[in-house]
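In this note's numbering, each residue's number is its place in the sequence shown (first place is 1) plus 2.
Note that the Cβ used here is the ideal one computed from N, Cα and C, for glycine as well.
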Amino acid sequence: GGETAPDVDRAANLLNLVLDPNLRCIDFQHRHRIERAGRRSDVVRFFGNLAQEDVHLLLINNANPVYALPQGGGITQAMERDRLFTVVFTPFMDETAALADLIFPVSVPLESWDEYSGKTGILSLLQPAMGTWRESPAVGDVMIKVALKKSATMPDYKTWLMDHFYRKEIVSGKGQWLQAVQKGGQFSKPLTQVTDPPQPMMVAPEFQQPATNGDSSKKDDLHFIAVPSIRFFDGRGANRSWLCEIPDPLTKVAWQTTVMAHPETVTAVDAEHGDVVLIKTDSGQAEAILYATEQVRPGTLVMAMGQGHTQLGRYAKHIGINPQVLLTPKLSSITGGPIFTANVTSLSVTDKHVPMAHTDGSRIQHGRKIALSVTWDELHAHSQSGDTQSEKTHSGESGHAESLTMEGFPFTLPLKEGYDPKRDFYAAHKHDTYRWGMVVDLDKCIGCAACGAACYAENNVPVVGKEFCAQGREMSWLRVQRYLEEDENQPVSGFMPMMCQHCGNAPCEPVCPVYATYHSD
3 GGETAPDVDR
13 AANLLNLVLD
23 PNLRCIDFQH
33 RHRIERAGRR
43 SDVVRFFGNL
53 AQEDVHLLLI
63 NNANPVYALP
73 QGGGITQAME
83 RDRLFTVVFT
93 PFMDETAALA
103 DLIFPVSVPL
113 ESWDEYSGKT
123 GILSLLQPAM
133 GTWRESPAVG
143 DVMIKVALKK
153 SATMPDYKTW
163 LMDHFYRKEI
173 VSGKGQWLQA
183 VQKGGQFSKP
193 LTQVTDPPQP
203 MMVAPEFQQP
213 ATNGDSSKKD
223 DLHFIAVPSI
233 RFFDGRGANR
243 SWLCEIPDPL
253 TKVAWQTTVM
263 AHPETVTAVD
273 AEHGDVVLIK
283 TDSGQAEAIL
293 YATEQVRPGT
303 LVMAMGQGHT
313 QLGRYAKHIG
323 INPQVLLTPK
333 LSSITGGPIF
343 TANVTSLSVT
353 DKHVPMAHTD
363 GSRIQHGRKI
373 ALSVTWDELH
383 AHSQSGDTQS
393 EKTHSGESGH
403 AESLTMEGFP
413 FTLPLKEGYD
423 PKRDFYAAHK
433 HDTYRWGMVV
443 DLDKCIGCAA
453 CGAACYAENN
463 VPVVGKEFCA
473 QGREMSWLRV
483 QRYLEEDENQ
493 PVSGFMPMMC
503 QHCGNAPCEP
513 VCPVYATYHS
523 D
């Protein structure tokens, strides 16, 4: 995000028009709920006015602006006012709660009723997935008892939700309410997006126009980019130990915050992979572990957000780096949104070299047939020649796989024809008329490791920490392995889910919430 963000949005819209001229894949009816949220400029203006206006009470629910905004966004100064009494509703001691006058513990979403519709025209319900963990009430129940005069007729937030949907005629009657709870919401049928297809237009000139240049940076300058983390998002999940232990999908580094740079950039500062570098911008400075990869452009430094907390518990406090210290608190002059890029004024290597807690054995497959892939041209050529065999399938590395049979492929398939007593360590238990097997569509796997996170949470898999992860002692039952093409000119990632290896008798079976491995006919 920055001054060029509108150009990126325009390019994405034009590409959608090229790929889908009738715009059938775009929903113009169900607007996203995020449009109702205040823009960054509104948030900054709000906190800036708190320091000047005669406001005596500030309520903050489930937000951590002291951490999420560069240089605090003015909220630190506002909360330090003697006449302003700040109440933070949160079950966690984060940076904003540490500055509050009153911390009001509330229940977590897993034990609460709520509504979280992401789009207009759709009702999404949140119901408790567990019993009450503590005596902390839901924030909705607090507001009903404190603010509503009808609290006598509204004993709890669940009742208020039901009444709200009745009055809005979104749900009619208790029976439809129970159906909505059972389905997770009330969903309308898809609407026709476009009645008349748009007229053909030439989009090539749009891509040939120079991008908006919002700064006076030179072409050879270094640029820093802060990107959201798929594990921590904006930092709210950094206090979950198993999210820290799950490695980043691209770097496969756990617990630590790295800065990714192209090998040319690494060489230019006389550094090596794993060195600690000092990054300086006009807004601040930070030390980070250098991760050399061809997956970023030369002259660009990329760091994921979400870590570097000064509060938020033992698994988040003083672990990793918060890239917000390198970003400007100024807003985009075009959109009023945040700027997640910065010009690097100085990049220097320190005398520190830190072992990374990475969980990948190697970035490439070394010619082994593990994560196989085939290019479209090769697949098309095989179909044209009538060759339906898999012997010529490209391995995605160097050379071709001889076959995908038991003799040429190093995996035992979880099927009757794949079982080989010479290769199975344990004797197989009887499968009378079925055998449970897990199937993953590798064309859809993006390496997010949500499956690994679910396994950690559901089965209470032990978390070993940064030091043991660096020694290769992570305890994950299943993980997603990332492999890069060996051709340096094509830094393309391939993901291979490594399934649980509990040999058909997994300890997760008795606790599976959807009975996926229930052993019965």
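Check your understanding: Anyone know if the C-beta pair for L329 and A344 falls short of 8 Å?
Key -> yes
Check your understanding: To which residues of the same chain is H264 closer than 6 Å at the C-beta, ignoring the five residues directly before and after it?
Key -> V298, P300
Review point. Who are the near neighbours of Y317 in its chain, counting only those whose CB is closer than 8 Å to its CB and skipping five residues on each side?
Key: A240, N241, R242, S243, C246
Review point. G496 by DSSP, collapsed to three states: which one?
Key: strand
Check your understanding: Quick one: what does DSSP say I146 is sitting in, helix, strand or coil?
Key -> helix
Point to revise | Under the three-state DSSP convention, the category G315 falls into | key: coil
Exercise for review: Could you check what DSSP says for M305 in three-state terms: helix, strand or coil?
Suggested key: strand
**Study point:** Cβ contact check for the region 118 to 133 and the region 26 to 33: 3 or more pairs under 8 Å
**Key:** yes
Exercise for review: Please report how far the alpha carbon of A70 lies from the alpha carbon of D379, in whole angstroms.
Suggested key: 46 Å
Check your understanding: According to DSSP, what are the bridge partners of K468?
Key -> Paired residues: none, contrary to the question.
Check your understanding: M358 by DSSP, collapsed to three states: which one?
Key -> coil
Point to revise | Coarse secondary structure for K176, derived from DSSP in three states | key: helix
Check your understanding: Is C510 helix, strand or coil by DSSP?
Key -> coil
Check your understanding: What does M1 pair with, by DSSP beta-bridge criteria?
Key -> The chain is shown from 3 up to 523; residue 1 falls before or after that span and cannot be answered.
Review point. What number of angstroms, rounded off, separates the C-alpha of M500 from the C-alpha of R481?
Key: 5 Å
Exercise for review: Would you mind stating whether Q258 and G308 have Cβ atoms separated by less than 8 Å?
Suggested key: no
**Study point:** Beta-carbon contacts of S109 that lie in its chain and below 6 Å, excluding the five residues immediately before and after
**Key:** S138, A140
Practice item. Identify which residue in A80, Q73, H382 has its Cα closest to the Cα of I62. Key: A80
Review point. Apart from the five residues just before and just after G454, which ones in its own chain have a Cβ nearer than 7 Å to its Cβ?
Key: I248, S478, L480, R481, V482
Practice item. Grab the span of the beta strand (DSSP E) containing G187 for me, first residue to last. Key: 187 to 189
Point to revise | CB of C457 within 8 Å of CB of V465, strictly | key: no
Check your understanding: For W115, does the count of other Cβ atoms within 10 angstroms reach 16, so buried, or fall short, so exposed?
Key -> buried
**Study point:** The alpha helix (DSSP H) enclosing D11, as first and last residue numbers
**Key:** 7 to 21
Exercise for review: Taking only the alpha-carbon atoms, compute the straight-line gap between S43 and S375 and give it to the nearest angstrom.
Suggested key: 46 Å
Point to revise | C-alpha gap between C514 and P8, whole angstroms | key: 45 Å
Review point. What whole-angstrom Cβ distance do E113 and L163 have, given they're in contact under 8 Å?
Key: So it is not a contact: roughly 15 Å between Cβ atoms.
**Study point:** Continuous beta strand (DSSP E) stretch holding K282: start and end
**Key:** 277 to 283
**Study point:** CB of P130 within 8 Å of CB of P107, strictly
**Key:** no
Check your understanding: Quick one: Cα of Q282 to Cα of S348, how far?
Key -> Note that residue 282 is Lys in the sequence shown, not Gln. Taking the straight line joining both Cα atoms gives about 5 Å.
Check your understanding: With burial defined as no fewer than 16 other Cβ atoms inside 10 Å of the residue's Cβ, what is the status of Q391: buried or exposed?
Key -> Confidence at Q391 is low in this model, with a pLDDT of 44, below 50, so its placement is unreliable and the value that follows should be read with caution. Under this definition Q391 is an exposed residue.
Practice item. Assuming V46 contacts G76 (C-beta within less than 8 Å), just tell me the rounded distance between them. Key: 7 Å
**Study point:** Beta-ladder partner(s) of K121, from DSSP
**Key:** H34
Exercise for review: Might you give, ordered along the chain, the residues of its own chain that have their beta carbon closer than 6 Å to the beta carbon of M95, omitting 5 neighbours on each side?
Suggested key: Q313
**Study point:** Coil, strand or helix - I77 by DSSP
**Key:** helix
**Study point:** Collapsed DSSP secondary structure at P93 in the structure displayed
**Key:** coil
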